[in-house]
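Asks: In the numbering used here, the protein residues as written are 46 to 1259.
Where a beta carbon is used, it is the ideal one built from N, C-alpha and C, also for glycine.
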Amino acid sequence: MQLRATHALLGLLCWTVFDLSECLETVVVVQPDKGLIVMVSTELPLDQCAVCTVSGVNDTETSCHSSLSLVPDEEVKLLFNCSQPIVQAYTVTITQTIECTKDACSPATVSQPSILPDFTRTVNWELKAPEKIVVSLNILGEGLMETSKPCPIGLHYSVTTSKTNSKGPTQYCQGGSETRLDLPSEAVVSLRIEPKAAANSLLFQAFAGPLKGRTMVITVDSSTTVVVTRPPSEPECEVCTVDGSTSDCSPTEKTLTNVEKLSLEFSCLKPEDMYTVKTKKKIECTKSVCTPAAGEVDPDLFKDFKRSLTWDISVPERTVLTLDFPGGGLKDSLGAGGCPDGISYSVRTTRKDGKMKTREYCKGGTVSDLDLPGATVVTVEVPKGGDLDPTVFNVKAAPRGARMIPVTPERDTIITIKRVTDEPDCSVCVNEGPKQNCKPTELKLTDPRNTSVEFTCPQPQDFFSVEINREIDCTDSCPSDIVQAKSSMFPDFNRTFTWYLKVVDSTQTFQINFPDPGMRQIPNEETCPDEQTYSLIAYLRSAPATIGTFCKGGTISNIQVRYKGRLTLQVPAHKELDPVDIKLTVGPVTSTIAIVGVNLPRGVSDTDFITANYPSDFPDEQQMQWDFVVPDMHNYTMLLRDHTAPECLNDEVEVEYQKEGKTKATKLSLTDPQPQHQQGNFNMVLKNCKTNTTLQGLTLKYSVSVMRSGHPVLCTVDLTKLKGVSLQIEKVGSDPYCEMSIDSKMEEKINVAAGSSAKLSFLDCPKEDLRLTASKVIECQNVKSCTESVLTVPKLDSCLRMPLHSFTWHIKGPQDGTVDLESPTGSFKQSLPGQECNNQSISLHVVESEGFPVGDFCYNGAIQKVQVHANVSVTVTARDFKKTRKDFLNVSFSEEIPETIIYRVNPKASTPTLLATPNWPRGMKPSSTVSWIVTVPSQYEADLQFVNISQPKCQDRHTSIKVKILGQEEEIMSRREDEEAEDKILVPESFYLNMSNCVTAAGDFGAVTKIVLQKKSYLLPIILGILGVLLLMAVVVAVVFFVKKKQKRDVMNKNNSIYIGKGNIFRPGDNHFPKSRADNDSHVYDSIDETMVYGHLLSGSSTYADSLPDNYNGVPVDSYQTFTGPKDGDLPVIMEPDNEPEMEGFNTFLAPSDSFLPPRPRTPIMDRQDSIDFHDRRMVDNELYTFKNTGDINNIRLSYIDTDPQPPVLEDSL
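Structural data, given as structure tokens:
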């Protein structure tokens, strides 16, 4: 091809001065090469754009066309004349034929045409070759890659294997690995070249050779049929079966069955692009077994072909098939989008009446088993290269069983089971055995007792629905709960719950109350998003009227319906019943068919409402009412969005508005302006007239628009007179429409700094949704100059309507000082488990300056003072600050302490005292120390118990717990974290308890201790003292007894002194005692034979008496008996001289009367026990006890001289 440099003047200007893309007219001389067919065309109308041939003398003859075909190897001058830029207006199509023989092609090298390079050109190469000859094009330069996107460099390749190919061309771009194209005859290769695209001049090298098709070896069993087929419109390609030297070919389809290692040859290079493989298998089942028992497939057979696998499963009547899909379940197909992996499952069941039911599935679901009632066809569609498991499914057969469902109807409840499809081979039955009653279409259960319902098909939920109807009579009263919270009956069926409601009087109403957040009305034909839809119908004399259809979550709080009605809840299959907790009461008398109670929301909203029966006609001569509750500080506007007016035969249609508390109502027509920007609660009544029923009736759809009224509450806060006090206000409610602002700037949290004033504004903010807190800073620079402060809450501005929640004092002491906290009541206690402050109206929260909590406290405890070696914050929280004390804490500053915190504690004897480390139950601050100085009363001792101790793993230093008595250096207890501490110790005096934390690596250090006061016990010293005294006395008595006994042994007592009842006193041995009575020992006995003293008491015992010596059987000698007086008259008077000489023997025993005579010589007494005034308790019951009465020691003075007093026993001596 040649491009001549002969141009018209205008053309010269375009080619030399301007870019061709901006030219509207140009002249070009071209000469197409031989073998090229060049077509220049435009899609614009001829009067706007044309390509012309210029000829004649001086180029005076032109012939213009919309498209022009150039003659090969012939020069022509072209004039491009267009109202649009030429490059965009024209397209150039170049066609070249590549002719091939059996082994060569012409041209052998294909190059890019150079004609009209500044236009968009499409070059088509049509391949011609003999039958069964393939043309190979070797790509010169970069390889190609298949794509569906535009090519970035302006060179777009496409290949069509046949002009009749229905699949369309295959797109390619440069930059891939495809370097050779093997194409059949009639294939077309196209290249679209954008203007100025850089392309190689040489594109292909063409070769020709015999077509070598694809050969496969396959085996197909007798139960399988394989059909290899292609549409006739596809390019020519034969499929042949080769058995030895015999070949059987077919151009479009080949059916194979019961073959083994059969060669299958295709006469095309890529038969997988043309052929589809359909595999059909048969499975025959009895009532108990299927042959084969699985749908199996060779996963590699025809894997690169598109495959359609079909299993035809035949079963006897009343037999159920069960398909089990291993390797993951199935899920319902996505519809038009297909399955993600391209593998789709189709299950078609043929019913007894010949009707078919088909369900589509994809992989990756929860459906692993399918129960099917009859003959079934399973089809699996697999794309090219799709992977299949060898076992697609397992199949089992069993006699069709009945599904049994237990049912327990409630009282006044009717259960109706209805068929919803035409399935002929499934019935619903009740009872068993010969009394079984089966119904093919409908069954009603009215008996409130346990029963069972049997279906004769395995999946009755596909064919039946369930209606659960309950009648509620509110003649006397209504049951409060009418909806069963959970219903397990028929969970996989479509269910309709219906409540038939009725009151006794036709003018009375029953009221349905909905819990928060209420209900919202939707069009009657729609379904709720949660698929649980309520509808309410009122029974009128003329016909039922649908009050509305409702969903959860809306503004409707209650509905009153006159006389009779029906409430319905529809729940789909496999959806758990989640009903609204509806309450039913008897409502007032009314003339309207229904009254709807509405609580309009806060903020900006538009709520839609529709009348009864909408979009059908509102009942004639009836009225319906809506009661609206409008939030405070909100305006409402009524908008009638859609309505139709009937033709009234009498009266008129009215819309009546009445505000709460007003007696006068406003009556309007549907065309009148409705209320706008009103405030307050109101009701709206729609009244219908008697209409012409042959025409359109009354319908109304309206909305209520609510917005805030915009009246904020203003408050000016002045803190200039309250030194160090600041305020904080934050929102704690959930109302999103509350707006707070400070000095006209809207804030989520308001802070009024100390010493400032601010103008606050609150819009639509209930006071219970706001929290007011305040704080004050108390600072001390020098301990000596700082005075004690009392923490009191100042009076805040009265315009702050919200109550004060808490007040915080930030106490800042000097760096070398300590903050002392004392209760104005004298003491306080720490809030701990078992020692709570719940019953007190005030609580104190103490925090160190770093934000580390010290603890929560309240009044009246054992803690007298808390000293903190840091700045602290004290927050007081009260139920009502107006009713609480004015003074909360006394704060002073003292010298620096070594510990972090010191508690001074005075435990009470009446109740145990609990003490806990700071920040309990969490741990102490690392490297901190806390001490308790515990004062124990003098008469008490402290039982110190360690109730709860948590020890950490220390990184640096150790934790320690130390106890020592005040004023002493010795420690009672000292333990680290790696040592086991005692559970409790007994501390006798006031003591010091110290706990220190380490730098922890893991865990926390904390402890709770318990102090119980108990009185000191002196029992042991007393017992030891008594034992010592008794031991001493025993020693003395023993010594005295030993001495006396030795003396008596030296004196032989030969005489006995006795009393004779008859006769005179006889004194053996001599007529008088040798010594005076005061000087002798006549009343002292060496020994007393107890058998003689007490023997008469045993006189009744012959055994004992017989054992006595003979000399003791007479009258007892030297024994005492109860004196009863003389036996034979008066006793003789014995005259004794005053001074009798001493003589051996015993004197007569001292008479009792003599002991009370005037003073006489003192009777010697060895010990108090030897005296007659000694009262021995052991002798009380003895017959010898004659001189005393019972009682304590009777100090009978035997002489004029008093006995010496006993020394007192002092407490110190014990």
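#1: Give me the Cα-Cα distance between residue 963 and residue 679, rounded to the nearest whole angstrom.
#2: Tell me the DSSP secondary structure of residue 564 in three-state form.
#3: In this structure, what does DSSP give as the bridge partners for residue 760?
#4: Measure the C-alpha to C-alpha separation of residue 109 and residue 78 and round it to an integer number of angstroms.
#5: Hey, which unbroken runs of the beta strand (DSSP E) at 3 residues or more fall wholly within the stretch 995-1030?
#6: Looking only at its own chain, which residues have a Cβ that is under 8 angstroms from the Cβ of residue 711, when we skip the five neighbours before and after it?
#7: Here's the rule I'm using: 16 or more other beta-carbon atoms within 10 Å means buried, otherwise exposed. How should residue 245 be labelled?
#8: Would you identify the three-state DSSP class for residue 1055, choosing helix, strand or coil?
#9: Report the three-state DSSP secondary structure of residue 376 (helix, strand or coil).
#10: Could you tell me which uninterrupted beta strand (DSSP E) segments, each at least 3 residues in length, are contained entirely in the stretch 742-792, listed from first to last along the chain?
#11: Just confirm the distance between the C-beta atoms of residue 156 and residue 248, as a whole number of angstroms; I'd bet it's less than 8 angstroms.
#12: Is residue 579 near residue 555, with beta carbons less than 9 angstroms apart?
#13: Return helix, strand or coil for residue 1071, following the three-state DSSP convention.
#14: Could you work out which residue in 267, 999, 1032 is closest to residue 1015 when comparing CA atoms only?
#15: Indicate the three-state DSSP secondary structure (helix, strand or coil) for residue 615 in the structure shown.
#16: Since residue 86 sits in a beta bridge, which residues does DSSP pair it with?
#17: According to DSSP, is residue 125 helix, strand or coil?
#18: Let's test the definition: count the other Cβ atoms within 10 Å of the Cβ of residue 362 and tell me whether it reaches 16, buried, or not, exposed.
#19: Using only the alpha-carbon positions, how far apart do residue 715 and residue 705 sit?
#20: Since I believe residue 73 is in contact with residue 123 (beta carbons under 8 angstroms), could you give me their beta-carbon distance rounded to a whole number of angstroms?
#21: If you follow the beta strand (DSSP E) that residue 898 is part of, which residue opens it and which one closes it?
#22: Could you say which of 154, 126, 75 lies nearest to residue 116 if we only look at CA atoms?
#23: Is residue 141 near residue 170, with beta carbons less than 9 angstroms apart?
#24: Could you tell me the distance, in whole angstroms, from the CA atom of residue 501 to the CA atom of residue 508?
#25: Which runs of the beta strand (DSSP E) spanning at least 3 residues fall entirely within the stretch 443-520, listed in chain order?
#26: Can you give the Cα-Cα distance for residue 458 and residue 616, rounded to whole angstroms?
#27: I'd like the list of long-range same chain contacts for residue 619, defined as Cβ closer than 8 angstroms, with 5 residues on each side in sequence excluded.
#28: Give me the residue from 901, 255, 1059, 996 with the minimum Cα distance to residue 887.
#29: Mark residue 30 as exposed unless 16 or more other C-beta atoms lie within 10 angstroms of its C-beta, in which case mark it buried.
#30: Can you tell which of 93, 634, 667, 436 has its C-alpha closest to the C-alpha of residue 608?
#31: First and last residue of the beta strand (DSSP E) that includes residue 702?
#32: For the stretch 590-606 against the stretch 633-648, do three or more pairs of beta-carbon atoms, one drawn from each stretch, fall closer than 8 angstroms, so that the two count as touching?
#33: Could you name the residues that DSSP lists as bridge partners for residue 262?
#34: Checking the sheet assignment: what are the DSSP bridge partners for residue 729?
#35: Going by C-alpha to C-alpha distance, which of 1043, 191, 238, 845 sits closest to residue 159?
Replies: A quick look at the data gives this:
#1: Along the sequence shown, read from residue 1 onward, the residue named residue 963 stands at position 918. Along the sequence shown, read from residue 1 onward, the residue named residue 679 stands at position 634. Residue 963 and residue 679: Cα-Cα distance of roughly 51 angstroms.
#2: Taking the sequence shown and counting its residues from 1, the one referred to as residue 564 is at position 519. Correct three-state label for residue 564: strand.
#3: Along the sequence shown, read from residue 1 onward, the residue named residue 760 stands at position 715. Answer by DSSP bridge pairing, in chain order: 805.
#4: Working through the sequence shown from its first residue, we reach residue 109 at position 64. Working through the sequence shown from its first residue, we reach residue 78 at position 33. Distance between the alpha carbons of residue 109 and residue 78 is about 23 angstroms.
#5: 998-1001, 1005-1010, 1016-1021
#6: In the sequence shown, residue 711 corresponds to position 666, counting from 1. 701, 702, 703, 720.
#7: Taking the sequence shown and counting its residues from 1, the one referred to as residue 245 is at position 200. Classification of residue 245: exposed, given that the 10 Å Cβ count is below 16.
#8: Along the sequence shown, read from residue 1 onward, the residue named residue 1055 stands at position 1010. Strand at residue 1055.
#9: Translated into the one-based positions of the sequence shown, residue 376 becomes position 331. If DSSP states are grouped into helix, strand and coil, residue 376 belongs with the strands.
#10: 744-753, 758-763, 770-776, 784-787, 790-792
#11: Translated into the one-based positions of the sequence shown, residue 156 becomes position 111. Translated into the one-based positions of the sequence shown, residue 248 becomes position 203. Indeed they touch by this definition, with Cβ atoms about 6 angstroms apart.
#12: Locating residue 579 in the sequence shown gives position 534, counting from the first residue. Locating residue 555 in the sequence shown gives position 510, counting from the first residue. Cβ atoms of residue 579 and residue 555: not closer than 9 angstroms.
#13: Indexing the sequence shown from 1 puts residue 1071 at position 1026. Residue 1071 falls in the helix class under three-state DSSP.
#14: Taking the first residue of the sequence shown as 1, we reach residue 1015 at position 970. Nearest of 267, 999, 1032 to residue 1015, Cα basis: 1032.
#15: Residue 615 sits at position 570 when you count from the first residue of the sequence shown. If DSSP states are grouped into helix, strand and coil, residue 615 belongs with the strands.
#16: Taking the sequence shown and counting its residues from 1, one reaches residue 86 at position 41. The partner list for residue 86 (beta bridge, DSSP) reads 112, 136.
#17: For the purposes of this step, residue 125 is identified with residue 80 of the sequence shown, where counting begins at 1. Here residue 125 sits in strand by DSSP.
#18: Within the sequence shown, numbered from 1, the residue matching residue 362 stands at position 317. Residue 362 is exposed by the Cβ-count criterion.
#19: Counting from one through the sequence shown, the residue named residue 715 turns up at place 670. Counting from one through the sequence shown, the residue named residue 705 turns up at place 660. Distance between the alpha carbons of residue 715 and residue 705: 22 angstroms.
#20: As a position in the sequence shown, residue 123 is number 78, starting the count at 1. As a position in the sequence shown, residue 73 is number 28, starting the count at 1. Confirmed, Cβ separation roughly 5 angstroms.
#21: Counting from 1 along the sequence shown, the entry for residue 898 is found at position 853. From DSSP, the beta strand (DSSP E) with residue 898 extends over 898-904.
#22: One-based indexing of the sequence shown puts residue 116 at position 71. Residue 116 has its Cα closest to that of 75, out of 154, 126, 75.
#23: Here residue 141 refers to the residue found at position 96 of the sequence shown. Here residue 170 refers to the residue found at position 125 of the sequence shown. Yes.
#24: Here residue 501 refers to the residue found at position 456 when the sequence shown is read from its first residue. Here residue 508 refers to the residue found at position 463 when the sequence shown is read from its first residue. Each residue's alpha carbon lies about 11 angstroms from the other.
#25: 448-452, 458-464, 473-475, 482-484, 487-490, 496-500, 509-518
#26: The residue given as residue 458 occupies position 413 in the sequence shown. The residue given as residue 616 occupies position 571 in the sequence shown. Distance between the alpha carbons of residue 458 and residue 616 is about 18 angstroms.
#27: Here residue 619 refers to the residue found at position 574 when the sequence shown is read from its first residue. The answer, listed in chain order, is 536, 537.
#28: Your numbering for residue 887 matches position 842 in the sequence shown. When each option's Cα is compared against that of residue 887, the closest is 901.
#29: Beyond the ends of the chain as shown, which are 46 and 1259, falls residue 30; an answer cannot be given.
#30: Numbered from 1 along the sequence shown, position 563 holds the residue referred to as residue 608. It is 634 whose Cα lies nearest to the Cα of residue 608.
#31: The residue labelled residue 702 in the question sits at position 657 within the sequence shown. 699-704 is the span of the beta strand (DSSP E), which, as asked, contains residue 702.
#32: yes
#33: For the purposes of this step, residue 262 is taken as the residue at position 217 of the sequence shown. According to DSSP, residue 262 bridges with 308.
#34: As a working note, residue 729 is residue 684 in the sequence shown. Note: residue 729 sits in a beta bridge opposite 671, 702.
#35: Stepping through the sequence shown from its first residue, residue 159 is reached at position 114. Nearest of 1043, 191, 238, 845 to residue 159, Cα basis: 238.
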